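>
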Amino acid sequence: MSHVRAASEELKAAYRRLCMLYHPDKHRDPELKSQAERLFNLVHQAYEVLSDPQTRAIYDIYGKRGLEMEGWEVVERRRTPAEIREEFERLQREREERRLQQRTNPKGTISVGIDATDLFDRYEEEYEDVSGSGFPQIEINKMHISQSIEAPLTATDTAILSGSLSTQNGNGGGSINFALRRVTSAKGWGELEFGAGDLQGPLFGLKLFRNLTPRCFVTTNCALQFSSRGIRPGLTTVLARNLDKNTVGYLQWRWGIQSAMNTSIVRDTKTSHFTVALQLGIPHSFALISYQHKFQDDDQTRVKGSLKAGFFGTVVEYGAERKISRHSVLGAAVSIGVPQGVSLKVKLNRASQTYFFPIHLTDQLLPSAVFYATVGPLVVYFAMHRLIIKPYLRAQKERELEKQRESTATDVLQKKQEAEAAVRLMQESVRRIIEAEESRMGLIIVNAWYGKFVNDKSRKSEKAKVIDVTVPLQCLVKDSKLILTEASKAGLPGFYDPCVGEEKSLKVLYQFRGVLHQVMALDGEALRIPKQSHRIDTDG
């Protein structure tokens, strides 16, 4: 309660101070009087929002967009912040449910298998006289395309339509499936599936999901596949349990089509993903161990490796993936196996679409194939990143910033005029503050700038975009102290945003006890001056 009371007193003190600064009766000049009246009204509106417990709670949690949220007019007043949060989230859910009625969730996969064995394993002596045999023959030997869309019918029911087409070495087929999913409770859901294809007969399936405990769930999938050979039933059951916050253990039993028993442990943390699995089944039994390291960089780089050994042979796989744009992730992996040979797998995820290109290089373990499969993608990626991706992203960012500037140009101009008017109205108050600070060798703001600074030599072509905020900062000095909270400085009296959408900083040169100090703070960073660490060393 004492913290709330203190915050309320600080708000009132700031309100009284700004009212005294902007009160129209304190300014005789007609133009300054008009500007003061407008700023005085803005301060009063801000105080009304922040002093009312309900609107303050809305603003603190959701900002200005919360106050503009449709539906607040029906919310009963005198509610606690927790009740207001619940009400806001309820209104958001209702709006999302209305939006879901018209939204689909498309997902798709395109896979193109490429046979490039002629690059490393050629019969040069036998075919040297054949026309066109001088160039390696690279062929597309298989393709697969699948697509699915979802259509929410009600808050609990969803219809799913999916289809796929596959072809390999000139032979292929397709299928189409329809599923209806219903959320039966907070603990589970059920799904009915109907399918048909040109190579296989009708398919009927039932899938059930149920949370048994807060840490344990089970999934069961039953299917009946009709074909010319008769009915082929199938049953798959998965039991999973959270072993700790980051680790899940799975037990799977599959009967019918490719019967098998599988157990696996998956550990997923912020920096790594680890999987170990063991399967006993017909026709495949194997042991698998894989590890993925997640780098904490802006591009979300990941490197991974796995070892899989079973009745089919042994396969070692290693690779990496990286985010190349806001919605795109590019990955590549090298697969080395006996008797599978060497393959390069390239994958591009674009939003909910996946493009997969498995390239089979050789049936044998040739060092040259392994070397080119490893080095080739790296060389191509770095060349593309430097020559294509990076310039494209830079141009895209510039277009977005330009679009944002155009859309906010009127608002920025208005904010600039308000800031300039506020600075003019502050002049007399700042003069008195400086006189008081000088009399006690206190805090004097010599110079202050706010905006985008360019110090990096590699960005010397860019222009700095800063505004002088010396007067507004001096006006905020009280008892030889200046305290700014963790919020954008653009909202301070006498400030505005000179470079919308770009990173901004505040640079201050100030004098305290006759000694010069300097500090530079990021836009959203808290700042407290004076500080001994800001002192400029003049010994040299």
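So for the sequence shown, the working numbering puts the first residue at 636; every next one is plus one. Glycine included, every Cβ here is placed at the ideal spot set by N, Cα and C. Predicted model, so just to flag it, every value in this text is computed and none were measured.
Which same chain residues, not among the five before or five after residue 711, have their C-beta less than 8 Å away from its C-beta?
Because residue 711 carries a pLDDT of 39, less than 50, the predicted location of this residue cannot be relied on, and no value is offered for it.
> Is the segment 995-1008 close to the segment 748-755, with three or more CB pairs under 8 Å?
As far as the Cβ criterion goes, the segment 995-1008 touches the segment 748-755, which means the pair count is three or higher.
> Alpha helix (DSSP H) containing residue 1054: first to last residue?
Run containing residue 1054: 1025-1074, per the alpha helix (DSSP H) assignment.
> Between which residues of its own chain and residue 1156 is the CB-CB distance below 7 Å, once the five residues before and five after are set aside?
Counting only Cβ-Cβ distances below 7 Å, and skipping sequence neighbours, we find 1140, 1141 and 1162.
> Helix, strand or coil for residue 851 per DSSP?
strand
> Are the Cβ atoms of residue 1078 and residue 1116 separated by less than 8 Å?
In this structure, residue 1078 lies near residue 1116, with their beta-carbon atoms less than 8 Å apart.
> Assuming the contact rule is C-beta atoms closer than 8 Å, residue 950 and residue 966 should be a hit. Round their C-beta distance to whole Å, please.
Not quite, the Cβ-Cβ distance comes to about 17 Å (not below 8 Å), so this is no contact.
> Under the three-state reduction of DSSP, which class applies to residue 1112: helix, strand or coil?
coil
> Going by DSSP in three states, residue 962 sits in which element: helix, strand or coil?
Coil, per DSSP.
> Specify, as a first and last residue, the run of the beta strand (DSSP E) that residue 818 falls within.
806-820
> Exposed or buried, which one is residue 1071 when buried takes at least 16 other CB atoms within 10 Å?
With a 10 Å radius around the Cβ and a threshold of 16 neighbouring Cβ atoms, residue 1071 comes out exposed.
> May I ask which residues mark the beginning and end of the alpha helix (DSSP H) holding residue 1015?
1002-1019
> From residue 878 to residue 850, what distance separates their C-alpha atoms?
8 Å
> Give me the Cβ distance between residue 935 and residue 917, rounded to the nearest whole Å; I'm assuming they're in contact under 8 Å.
Rounded, the Cβ-Cβ distance is 39 Å, inconsistent with contact.
> According to the neighbour-count rule (16 or more other Cβ atoms, all chains shown, within 10 Å of its Cβ), is residue 829 buried or exposed?
exposed
> Going by CA-CA distance only, name the one from 677, 872, 835 and 869 that's closest to residue 863.
Checked all of 677, 872, 835 and 869; the closest Cα to residue 863 is 835.
> Does the structure place the segment 1025-1035 close enough to the segment 780-795 that three or more beta carbon pairs sit under 8 Å?
no
> Just verifying my parser: in three-state terms, what is the DSSP assignment at residue 895?
strand
> To the nearest angstrom, report how far apart residue 890 and residue 795 are at their CA atoms.
As the crow flies, the alpha-carbon of residue 890 is around 26 Å from that of residue 795.
> Using a threshold of 8 Å, state whether the C-beta atoms of residue 797 and residue 780 are closer than that.
No, the pair does not count as a contact, with Cβ atoms beyond the cut-off.
> Starting from residue 944, follow its DSSP beta bridges and name the residues at the other end.
922 and 949
> Can you name the start and end residues of the beta strand (DSSP E) that residue 976 belongs to?
Where residue 976 is concerned, the enclosing beta strand (DSSP E) starts and stops at 976-985.
> Apart from the five residues on each side of it in sequence, which residues of its chain come closer than 7 Å, Cβ to Cβ, to residue 817?
791, 792, 824 and 825
> What residues in its chain sit with their C-beta under 6 Å from that of residue 937, if we drop five residues either side in the sequence?
Answer for residue 937: 927, 929 and 956, listed in chain order.
> Look up residue 1103 in the DSSP assignment and give the residues it is bridged to.
1084
> So the beta strand (DSSP E) residue 889 belongs to, where does it begin and stop?
882-890
> Do residue 1080 and residue 1109 have their C-beta atoms within less than 8 Å of each other?
yes
> Is the CB-CB distance between residue 941 and residue 925 below 8 Å?
yes
> In the structure shown, what three-state DSSP assignment does residue 1189 receive?
Missing from the structure shown is residue 1189; the chain here goes from 636 to 1175 and no further.
> In whole angstroms, what is the alpha-carbon distance linking residue 970 and residue 1104?
60 Å
> Identify whether residue 861 lies in helix, strand or coil by the three-state DSSP scheme.
strand
> Quick one: what does DSSP say residue 789 is sitting in, helix, strand or coil?
DSSP places residue 789 in coil when its eight states are reduced to three.
> Helix, strand or coil, according to DSSP, for residue 753 in the structure here?
helix
> Check this for me: beta carbons of residue 857 and residue 838, under 8 Å apart or not?
no
> Comparing C-alpha positions only, which one of 882, 832 and 1048 sits nearest to residue 1130?
1048
> On the DSSP letters alone, give me the boundaries of the beta strand (DSSP E) that residue 1142 sits inside.
In the DSSP assignment, residue 1142 falls within the unbroken beta strand (DSSP E) covering 1140-1147.
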